[in-house]
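Engineer:
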Amino acid sequence: MSGLWAKLEDQLIDTHCHVLDYKEPDFIQKLNDSKITTHAVTTTLAEFKRLFPLLENCKHIFPSMGLFPLKAKEEGHNLEEFLDLIPQTKLIGEIGLDYTVPEEERVLQRQILEKIISKCNESGDKTLSLHSRDSAEDVFKIIGADFQGSAIMHWYSGPAELIDSAPKNIYFSVNTAMLKSRKGKEILQSLKPQQVLTETDGPYVKINAQASQPQDIRIVVQSLSQKWQKTIEETLKTIQENYARATNFSGA
Ligand SMILES: [Zn+2]
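Quick note on numbering that gives the first Met the number 0: the sequence shown kicks off at 0 and runs consecutively.
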């Protein structure tokens, strides 16, 4: 088992990892050495600016410019600059909505998300990582059926029925926490293989009280391979094909 994974490690994909939030000082270097394709999500513009130069020499880790919905109030003043930077940034996230707050804040979150999505639509080549806690219907509504790019629903926990009607440029990134929870299992049951990507949401997802590491994508792949009754190699191939569709817009 471990021998097989040693060979396959560079084929793993983590589309949602908060790389700056790990405590290990050499985390980024080690992660890049592992060759796991990683989308390094951020939650504020300041964090993105701090991350960007750190990834300059990393071939396998890609910076993603985010504005976390629960930070809408304190980050709102950076929105114009955020929008101006979108044309130069391929990955956008973590963005989205989080309805665990009062309505007045939700209104602000929606205004911000609408502006970001509309700007991303102008470019047409963005890959988003979206947070949608208790707000999936509105997130889908704002993305719209004609979104010119792709959207990855991160740790989706909304109604399973919405998955069926999701446009084909919407993907769902699955993490280890979802493999265990009742809701996560229900979501997994509803996802078609061609809609699935993988993520850790590290270091926030924990495995046995330890921060999840991008290497833990193995656990997700293993579980998907059982569910889909495919070999590990076939499962990785499906995820890689999905990833290519979600991120490569040249010629699309
Ligand atoms: Zn996250």
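Idealized CB from N, CA, C, for every residue including glycine.
Within 8 Å, do at least three Cβ pairs link the stretch 217–237 to the stretch 120–137?
Structural biologist: No: fewer than three Cβ pairs fall under 8 Å.
Engineer: Just to check my reading of the structure: Thr42 and Glu93 have Cβ atoms closer than 8 Å, yes? What is that Cβ distance to the nearest angstrom?
Structural biologist: Taking the sequence shown and counting its residues from 1, one reaches residue 42 at position 43. Taking the sequence shown and counting its residues from 1, one reaches residue 93 at position 94. At roughly 6 Å, the Cβ-Cβ gap stays under 8 Å, so Thr42 and Glu93 are in contact.
Engineer: State yes or no: is the C-beta of Pro260 within less than 8 Å of the C-beta of Leu54?
Structural biologist: Nothing about residue 260 can be read from this structure; the chain reaches only from 0 to 251.
Engineer: Determine, using beta carbons only, whether Phe81 and Asn120 come nearer to each other than 8 Å.
Structural biologist: The sequence position of residue 81 within the sequence shown is 82, counting from 1. The sequence position of residue 120 within the sequence shown is 121, counting from 1. Contact: no.
Engineer: What do you get for Gln212, buried or exposed, if any count of 16 or more other CB atoms within 10 angstroms of its CB means buried?
Structural biologist: If you number the sequence shown from 1, residue 212 lands on position 213. It is buried - the Cβ of Gln212 has at least 16 other Cβ atoms within 10 Å.
Engineer: At a cut of 8 Å, does the stretch 2–13 reach the stretch 141–155 through at least three beta carbon pairs?
Structural biologist: Verdict: no, contact absent.
Engineer: Out of Ile91, Tyr155 and Gln108, state which residue places its alpha-carbon closest to the alpha-carbon of Lys125.
Structural biologist: Indexing the sequence shown from 1 puts residue 125 at position 126. Of Ile91, Tyr155 and Gln108, the residue nearest in Cα terms is Ile91.
Engineer: Let me know the alpha helix (DSSP H) ranges lying completely inside the stretch 41–69, each 4 residues or longer, listed in chain order.
Structural biologist: As far as the stretch 41–69 is concerned, its whole alpha helix (DSSP H) runs of at least 4 residues are 44–53.
Engineer: Just verifying my parser: in three-state terms, what is the DSSP assignment at Gly2?
Structural biologist: Taking the first residue of the sequence shown as 1, we reach residue 2 at position 3. Three-state DSSP puts Gly2 in a helix.
Engineer: What span of residues does the alpha helix (DSSP H) with Ile115 cover, start to end?
Structural biologist: Mapped onto the sequence shown, residue 115 falls at position 116. Segment Glu102 to Ser122, the alpha helix (DSSP H) holding Ile115.
Engineer: Pull the bridge partners of Glu243 from the DSSP assignment, please.
Structural biologist: Taking the sequence shown and counting its residues from 1, the one referred to as residue 243 is at position 244. Strictly speaking, residue 243 in this sequence is Ala, with Glu absent from that position. BP columns for Ala243 are empty, so no partner.
Engineer: Counting Cβ pairs, one atom from each stretch, are 3 or more of them under 8 Å apart for the stretch 186–196 and the stretch 204–211?
Structural biologist: Not touching, per the Cβ criterion.
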